[in-house]
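Here is the structure we will look at.
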Amino acid sequence: MDRIKTGISGLDEMLNGGLPKNKHVAINGGPGCGKSSFTFEFLYRGATFGENGIYISLEETEEGMAENMKNTFSEFRDIDILMEEKKLQITKPDKFELEEIAELIECQITDNDVKRVAIDSATMIKFSFEDNIKYRQTLFEFFSLLRTLDCTVMMTLESMNARKEQLTFDVEHFVMDGIINLYNHEQGDRRIRALEIFKMRGTDHSRELVPFKVLPDGIKIYAGEHVF
Ligand SMILES: Nc1ncnc2c1ncn2[C@@H]1O[C@H](COP(=O)(O)OP(=O)(O)O)[C@@H](O)[C@H]1O
Ligand SMILES: [Mg+2]
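Under the working numbering, the final residue of the sequence shown carries the number 523; numbering is consecutive throughout.
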């Protein structure tokens, strides 16, 4: 099985060498857990390895997203140049039409050799459907189509409860090959970030809940350390 290096410090070790290629991974967590930063770093690292990426931002504008990420990752020196060279693109579609997003991804793979895709967030897509059954059907079809394309996808999911024991599972979790949960755990008077690989089809992986930090030079996952 082919793997791709996420490039996120600590993550590839937890995945026994990297993400299975062309899989679809949900990055799940509450607000402020680090989902956008996580998926952005996945694309940034890819772009520096020669794997082009497109960040489909459904909430933030292109400019807003780029600005946030430059602030968060102030030591990522190559964001501008990678964006100029179209190795790292951020785009905000006008509508939340999954068909249009699939078409956009398909074009980017053909025309711009895109290998990595981030969709942030699926929750915005869900809100655009009045009918939950229609949403499920459309999402299912969307991921069936993406499965035929040569790209690895990370999609963020806003979960209302960041608490581990309160996570509920919806259709998004069943159509995805992998789920990575991000948490913002309360510990005394502060919060600490933690991560777990909940599911990953096609590979063995760590099942530990491990601490991580969002630092100016990238996310650091402390694999092997304990949260409590
Ligand atoms: N420049 C920064 N310095 C320190 N922490 C930051 C910076 N930018 C963002 N963060 C941290 O990252 C969090 C937001 O991460 P983000 O990836 O946007 O989360 P999510 O997408 O899950 O809402 C903020 O709540 C903040 O704690
Ligand atoms: Mg976000």
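Built from N, CA and C at the ideal position, the CB exists for glycine as well.
Identify the continuous alpha helix (DSSP H) that holds residue i and give its terminal residues.
{"i": "Ser439", "result": "Asn427 to Leu441"}
{"i": "Thr343", "result": "Lys330 to Phe344"}
{"i": "Phe422", "result": "Ala417 to Phe422"}
{"i": "Thr405", "result": "Leu393 to Asn407"}
{"i": "Ile349", "result": "Unbroken run through Ile349 is the beta strand (DSSP E), Asn347 to Ser352; no alpha helix (DSSP H)."}
{"i": "Leu377", "result": "Ile374 to Glu379"}
{"i": "His480", "result": "His480 -> not in any alpha helix (DSSP H); beta strand (DSSP E) instead, spanning Gly473 to Gln482."}
{"i": "Val470", "result": "Val466 to Val470"}
How would you call residue i, buried or exposed, if buried means at least 16 neighbouring beta carbons within 10 angstroms?
{"i": "Ile322", "result": "buried"}
{"i": "Glu362", "result": "exposed"}
{"i": "Gly483", "result": "exposed"}
{"i": "Gly327", "result": "exposed"}
{"i": "Glu481", "result": "exposed"}
{"i": "Arg488", "result": "buried"}
{"i": "Asp297", "result": "exposed"}
{"i": "Phe437", "result": "buried"}
{"i": "Ile428", "result": "exposed"}
{"i": "Thr405", "result": "exposed"}
{"i": "Thr527", "result": "Lying outside 296 to 523, the shown extent of the chain, residue 527 is not represented and no answer is given."}
{"i": "Asp408", "result": "exposed"}
{"i": "Gly513", "result": "buried"}
{"i": "His521", "result": "exposed"}
Helix, strand or coil for residue i per DSSP?
{"i": "Phe507", "result": "strand"}
{"i": "Met586", "result": "Because the chain here runs from 296 to 523, residue 586 falls outside it and cannot be looked at."}
{"i": "Gly327", "result": "coil"}
{"i": "His500", "result": "coil"}
{"i": "Ala457", "result": "For Ala457, the predicted structure reports a pLDDT of 48, less than 50, and the residue's modelled location is therefore unreliable. A value from the coordinates is still provided. If DSSP states are grouped into helix, strand and coil, Ala457 belongs with coil."}
{"i": "Phe523", "result": "coil"}
{"i": "Asp297", "result": "coil"}
Can you name the residues that DSSP bridges to residue i?
{"i": "His319", "result": "Val448"}
{"i": "Thr356", "result": "Answer is none; Thr356 lacks a bridge partner."}
{"i": "Val412", "result": "Ile349 and Val448"}
{"i": "Leu310", "result": "Answer by DSSP bridge pairing: none, since Leu310 is not bridged."}
Output the boundary residues of the beta strand (DSSP E) element that contains residue i.
{"i": "Met495", "result": "Arg485 to Met495"}
{"i": "Ile303", "result": "Per DSSP, Ile303 belongs to no beta strand (DSSP E) and is neither H nor E."}
{"i": "Gly513", "result": "Gly513 to Ile516"}
Cβ contact (3+ pairs, closer than 8 angstroms) linking the stretch 342-353 and the stretch 374-389: Cβ pair count under 8 angstroms is three or more, so yes.
Beta carbon nearer than 6 angstroms to a non-hydrogen atom of ligand 3: In the structure on display, ligand 3 does not appear, and the ligands it does have are ligand 1 and ligand 2.
Contact between the stretch 365-373 and the stretch 411-418 (3+ Cβ pairs under 8 angstroms): No, because fewer than three Cβ pairs between the stretch 365-373 and the stretch 411-418 fall closer than 8 angstroms, the two stretches do not touch.
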